[in-house]
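Going by our numbering, the first residue of the sequence shown is number 7, and it counts up by one from there. For reference, the structure is listed below as structure tokens.
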Amino acid sequence: MNPKSASPKVITLKKSSSGTLEVPDSTKLSFKPWQRLWFVTGIVYVLMLAGSFCLLMPDKERIERKMVFSVTEEIRRYDGMAFAGESPQKIFEIARSQGYANWIEVTRSKYHIGSAGNAAFDMIEKDYREAISDLPVKQTLGVIVCIVGWLVPMAVLYALGYVVDWIRRGTSCNQG
Numbered sequence: 007m008n009p010k011s012a013s014p015k016v017i018t019l020k021k022s023s024s025g026t027l028e029v030p031d032s033t034k035l036s037f038k039p040w041q042r043l044w045f046v047t048g049i050v051y052v053l054m055l056a057g058s059f060c061l062l063m064p065d066k067e068r069i070e071r072k073m074v075f076s077v078t079e080e081i082r083r084y085d086g087m088a089f090a091g092e093s094p095q096k097i098f099e100i101a102r103s104q105g106y107a108n109w110i111e112v113t114r115s116k117y118h119i120g121s122a123g124n125a126a127f128d129m130i131e132k133d134y135r136e137a138i139s140d141l142p143v144k145q146t147l148g149v150i151v152c153i154v155g156w157l158v159p160m161a162v163l164y165a166l167g168y169v170v171d172w173i174r175r176g177t178s179c180n181q182g
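Here you go:
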């Protein structure tokens, strides 16, 4: 756009009591009280949704922890004293550092779990692989649900506030 061809914008200034020039209030963006309430409610609600999403949506580490827990429970079926006195955090860190497949193999040989446990360990591995492969889809779907779960109620709340304000303005015009 050529600056010479643009028409100048006219701004009317008013003089304040201190003698300084100010922009009139009519050009400032102002919100009605119900719009301010809607805005604050929207922020609180989006924070609640984000917190719920973070707490409820599984991530890779949670899936790995569940798999390690399932393996330890399966091993305890064969040896009730397996992992006695060890913290779950320590067990998980050892499994993670050794690699899960290697850790399972070493642990099975340590507790003498042979082919009798194959079906259960295969099921644990299958569940783990399915959970990991479904994770991106679940997370994307969770984000979409959160967005829609925020937009729809907030749009309804805004529309409700607008209608109530419209009715209030209509009744105040008729009375005055």
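Every residue gets a Cβ at the ideal spot worked out from N, C-alpha and C, and that includes glycine. Bear in mind that the values here come from a model prediction, so they are computed numbers and not experimental data.
Here valine 77 is buried: its Cβ has 16 or more other Cβ atoms, across all protein chains shown, within 10 Å. Bounds of the alpha helix (DSSP H) holding glycine 155 are 124–181.
Boundaries for alanine 90: no alpha helix (DSSP H) harbours it, and the DSSP string shows neither H nor E there. Using a Cβ-Cβ distance cut-off of 8 Å, the segment 141–151 and the segment 162–175 are not in contact, since fewer than three pairs of beta carbons, one from each stretch, lie closer than that value. Residue environment for methionine 73: buried (at least 16 other C-beta atoms within 10 angstroms of its C-beta). Apart from the 5 residues on each side of it in sequence, glycine 155 sits with its Cβ closer than 8 Å to the Cβ of Leu55 in its chain, given in chain order.
When the beta-carbon positions are compared, alanine 88 and tyrosine 134 stay at least 7 Å from each other. Sorting Phe45, Glu136, Lys96, Ala125 by C-alpha distance to the C-alpha of methionine 160 places Phe45 at the top. Listed as beta-bridge partners of lysine 20 by DSSP are Glu28. Its chain contains Arg71, Val74 as the residues whose beta carbon lies nearer than 7 Å to that of phenylalanine 98, once the 5 sequence neighbours on both sides are disregarded; these appear in chain order. Inclusion of glutamate 28 and serine 36 in the CB contact set at 7 Å is not warranted, their separation being larger than that value. In the three-state reduction of the DSSP assignment, methionine 63 falls in the coil class, being assigned neither a helical nor a strand state.
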